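First up is the structure itself, then whatever we jot down about it.
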C-alpha cells in the first residue's frame, strides 16, 4: 500500500486530458515537454527543486493493469470524454504496464533560478506519444513541495543571517523554524509532501506524515524531531485558579537535566504567566536542569516577543555572548502565532535592536509555511515545446499577446550549470556550451518503468545547504 494514495493513475488527470490524443496532428508521433517555475508572484528568484522522487514513486512505480483500464474507461465514458482504450492496452501488452517515458530532472535539492527547465518529458513509443502531456496533472503538483521547500530555504537564509550577526555560532539553526502546519492543510498528502519540503532545510516538525513520507520515499528513518509541548487544553483543564499548578506539573513531568519542553503561557494573561515562571517557579525551573521554552500565542508578534524577552531577562538573567548580545539563561521563546516571512524578519530585527541574540527565539509556522501559497506563487507550468511529425522535430510554443509573461520555450531543451550559473538551452546548442565548461544539469530519473535515482533526504539537504551564499 502506498503512503499518499490508492488511486488509479489513469484517473489522476483533468478531464479534458482524456480527449487530447484525438486532437494532435494525425501524423504526430512524438512530443517534448518541460516543467519550469516562471517566477510567479516574484517572491523568490530561485526555487529549491524537491518532491519528484515521491511523485514518481507514487504514480509511476506500479504497473498499469487491465483492471485500471476497465475502471478508467467506464468512468471517463460515462463522464462524457473519449477514452483511448487501445493505447492503454498497448501499455499493458507491450510495455508490461510501464509508461514508455523518459523523464529527466535537476537533482533534488538544487537551487535553480526561475525560468529554467527543471524537468523534461519524452515518450519512446511513437504510438503513445500523447502520454507526455497526459501525466501533466499529477506531475505539475511538483509546484507544492518545491514552493514549500523554497520558502523554507529562503527563511533558513534569513535566520542564519541574524544568527551570524548576533550569536556565537549557528548550531541551533536546524531547529529555528518548526513546522506547525499539519492541521491547516487540505489533506494528509499535502501534510506529507509540504512538511517534507520544509524538512529539506530544517529538522524541527510536528507534522508526523512528513516523517512517514521521508521513510517511504527518501529512505530516511527519522527526518525531524520535536519536544513535549503544552496546548491550551492541557493548561486550561487545570482551571485559571490553578495556573501555577499546571505549570509546576509540566516541570515535574518534563523538567529533566538536559531536557527541553515548551509551555504555552497566554491562556489568560501572558504577563501574569511570565511573573509566575519568573517568581514562584523560577528556582524550580533553574534546578530542573532543563530548558523551558515559553510560547506566547496571541497579540502583535513583534511587540509581544520583544517585551517577553525583556521580562524573562529580568527574571532569569542573561549571558552576554562574544558578539555582545544577551542570551537568556535557562529559558527560551517560541512564537507560533502570526508567523510569516515578514514577521520573522521583524521579530529578529526587534530582538537585535534590543540587544538580544537570535539564539533566544524559535518560530513555529503553520499556514504561512504549508498553506498560504499556490501554483502561481512560483509560476509553475508544464508546456510542450516540440512535436515530431514524419520523423522531423518542429518547434511549438505559445506567445499570448495579452500576457507576454506566459510565452513558452521552443524546441527540445536541456538545462546546464556552471558554478552558480544556470541556463536552459536547445539540445543542439548544448555541445558548444559544454566545451566551454558548462555541465549537464538534467539527469534521467525515470526511464520506461525504472526509477533511475533514489536520493536520501540527507543527500538532498546537503545540496540545498551548499547553495546558501552561492
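Residue numbers (the UniProt record's numbering): 1 to 470. Backbone N, C-alpha and C fix where the C-beta goes; we use that ideal spot for every residue, glycine too. Just so it is clear, the structure is predicted and the values come from calculations on it, not from any experiment.
Problem set entry | Collapsed DSSP secondary structure at residue 1 in the structure displayed | Taking the chain shown and counting its residues from 1, one reaches residue 1 at position 1. Caution applies to residue 1, whose pLDDT of 42 falls short of 50 and renders its modelled position unreliable; the value that the coordinates give is listed next. Three-state result, residue 1: coil.
Exercise. CA-CA distance, residue 308 and residue 336?
Worked result: Start at 1 with the first residue of the chain shown, and residue 308 comes out as number 308. Start at 1 with the first residue of the chain shown, and residue 336 comes out as number 336. For residue 308 and residue 336, the distance between alpha carbons rounds to 14 Å.
For this session: Measure how close the beta-carbons of residue 312 and residue 274 come, nearest whole angstrom, since I'm counting them as under 8 Å.
Result: As a working mapping, residue 312 is identified with position 312 in the chain shown. As a working mapping, residue 274 is identified with position 274 in the chain shown. The pair is a contact, with the Cβ atoms about 7 Å apart (cut-off 8 Å).
Problem set entry | Which residues DSSP lists as bridging residue 418, in chain order | Position 418 of the chain shown holds residue 418. In the DSSP output, where bridge partners are listed per residue, residue 418 has 421.
Exercise. For the region 111-122 against the region 16-23, are there 3 or more C-beta pairs whose distance is under 8 Å?
Worked result: no
Problem set entry | Exposure label - residue 250; buried when at least 16 CB within 10 Å | Along the chain shown, read from residue 1 onward, the residue named residue 250 stands at position 250. Residue 250 should be labelled buried.
Exercise. Which runs of the alpha helix (DSSP H) spanning at least 4 residues fall entirely within the region 209-287, listed in chain order?
Worked result: DSSP assignment within the region 209-287 yields the following whole alpha helix (DSSP H) runs of 4 residues or more, N-terminal first: 232-236, 243-254, 270-278.
For this session: Below 8 Å on the Cβ atoms is my guess for residue 162 versus residue 352; work out the distance and round it to an integer in Å.
Result: As a first step, residue 162 must be located in the chain shown, where it is residue number 162. As a first step, residue 352 must be located in the chain shown, where it is residue number 352. With 8 Å as the limit, residue 162 and residue 352 qualify as a contact, their Cβ atoms being about 6 Å apart.
For this session: For the region 360-379 and the region 331-351, state whether three or more C-beta atom pairs, one from each stretch, are separated by less than 8 Å.
Result: yes
For this session: Name the two residues that bound the continuous beta strand (DSSP E) containing residue 111.
Result: Residue numbering aside, residue 111 sits at position 111 when the chain shown is read from its first letter. It spans 111-113 - the beta strand (DSSP E) in which residue 111 sits, taken as one unbroken run.
Exercise. Can we count residue 175 as close to the ligand GTP, meaning its CB is less than 8 Å from some heavy atom?
Worked result: As presented, the structure is devoid of all ligands, the ligand GTP included, so that no description of it is given.
For this session: Taking all protein chains shown into account, decide if residue 271 is buried (16 or more other Cβ within 10 angstroms of its Cβ) or exposed.
Result: Along the chain shown, one-based indexing puts residue 271 at 271. Exposed, because fewer than 16 other Cβ atoms sit within 10 Å of the Cβ of residue 271.
For this session: Report yes if the C-beta distance between residue 211 and residue 197 is below 9 Å; otherwise report no.
Result: Stepping through the chain shown from its first residue, residue 211 is reached at position 211. Stepping through the chain shown from its first residue, residue 197 is reached at position 197. Taking 9 Å as the Cβ cut-off, residue 211 and residue 197 do not qualify as a contacting pair.
Problem set entry | Boundaries (first-last residue) of the alpha helix (DSSP H) holding residue 134 | Here the question's residue 134 lines up with position 134 in the chain shown. Note, residue 134: alpha helix (DSSP H), 131-134.
For this session: Verify whether the separation of the beta carbon atoms of residue 474 and residue 393 is less than 9 Å.
Result: For residue 474 there is no data in the structure shown, the boundaries of the chain being 1 and 470.
Exercise. Do the region 169-184 and the region 138-157 meet, that is, are 3 or more Cβ pairs less than 8 Å apart?
Worked result: Taking a cut-off of 8 Å on C-beta distances, the region 169-184 touches the region 138-157, as three or more cross pairs fall below it.
Exercise. What residue ranges within the region 324-359 form continuous alpha helix (DSSP H) runs of no fewer than 4 residues, ordered along the chain?
Worked result: Runs found: 341-353.
Exercise. Within 10 angstroms of its Cβ, does residue 235 collect 16 or more other Cβ (buried), or is it exposed?
Worked result: One-based indexing of the chain shown puts residue 235 at position 235. By the 10 Å Cβ count, residue 235 comes out buried.
Exercise. Which term fits residue 132, buried or exposed, when burial requires 16 or more other beta carbons within 10 angstroms of its beta carbon?
Worked result: Sequence index remark: in the chain shown, residue 132 carries index 132 (1-based). Buried, since its Cβ has 16 or more Cβ neighbours within 10 Å.
Exercise. DSSP on residue 41, reduced to helix/strand/coil?
Worked result: The residue you call residue 41 lines up with position 41 of the chain shown. Three-state result, residue 41: coil.
Exercise. What separation, rounded to the nearest whole angstrom, lies between the Cα atoms of residue 455 and residue 316?
Worked result: For the purposes of this step, residue 455 is identified with residue 455 of the chain shown, where counting begins at 1. For the purposes of this step, residue 316 is identified with residue 316 of the chain shown, where counting begins at 1. Cα to Cα, the separation comes out at about 45 Å.
Exercise. In three-state terms, what does DSSP make of residue 105?
Worked result: Working through the chain shown from its first residue, we reach residue 105 at position 105. Residue 105: strand per DSSP, three-state reduction.
For this session: Quick one: using the 10 Å Cβ neighbour count with 16 as the cut-off for buried, is residue 470 buried or exposed?
Result: For the purposes of this step, residue 470 is identified with residue 470 of the chain shown, where counting begins at 1. Any reading at residue 470 must be qualified, since the residue scores a pLDDT of 46, below 50, and its modelled position is unreliable; the value itself is stated next. Flag for residue 470 reads exposed.
For this session: Tell me whether residue 436 is buried or exposed, calling it buried when 16 or more other Cβ atoms sit within 10 Å of its Cβ.
Result: Locating residue 436 in the chain shown gives position 436, where the first residue counts as 1. Exposed: under 16 other Cβ atoms inside 10 Å.
For this session: Would you be able to state if there are at least three C-beta pairs under 8 Å between the region 122-141 and the region 428-444?
Result: no
Problem set entry | Neighbour flag for residue 95 against chain B, beta carbons, 9 Å | The chain labelled as chain B is not found in the depicted structure, where only one protein chain is given.
For this session: Identify every run of the alpha helix (DSSP H) within the region 290-323, keeping only runs that are complete inside it and at least 4 residues long; order them along the chain.
Result: 301-316
Exercise. Rounded C-beta distance between residue 405 and residue 38? I'm assuming under 8 Å.
Worked result: Here residue 405 corresponds to residue number 405 of the chain shown, with the count starting at 1. Here residue 38 corresponds to residue number 38 of the chain shown, with the count starting at 1. Between residue 405 and residue 38 the beta-carbon gap is near 7 Å, inside 8 Å, which marks them as a contact.
For this session: Specify the secondary structure class of residue 22 as computed by DSSP and reduced to three states.
Result: Counting from 1 along the chain shown, the entry for residue 22 is found at position 22. Reduced to three states, the DSSP call for residue 22 is helix.
Problem set entry | Exposure of residue 110, with buried meaning 16 or more beta-carbon neighbours within 10 Å | The residue given as residue 110 occupies position 110 in the chain shown. In summary, residue 110 is buried, with 16 or more beta-carbon neighbours lying within 10 Å of its beta-carbon over all protein chains present.
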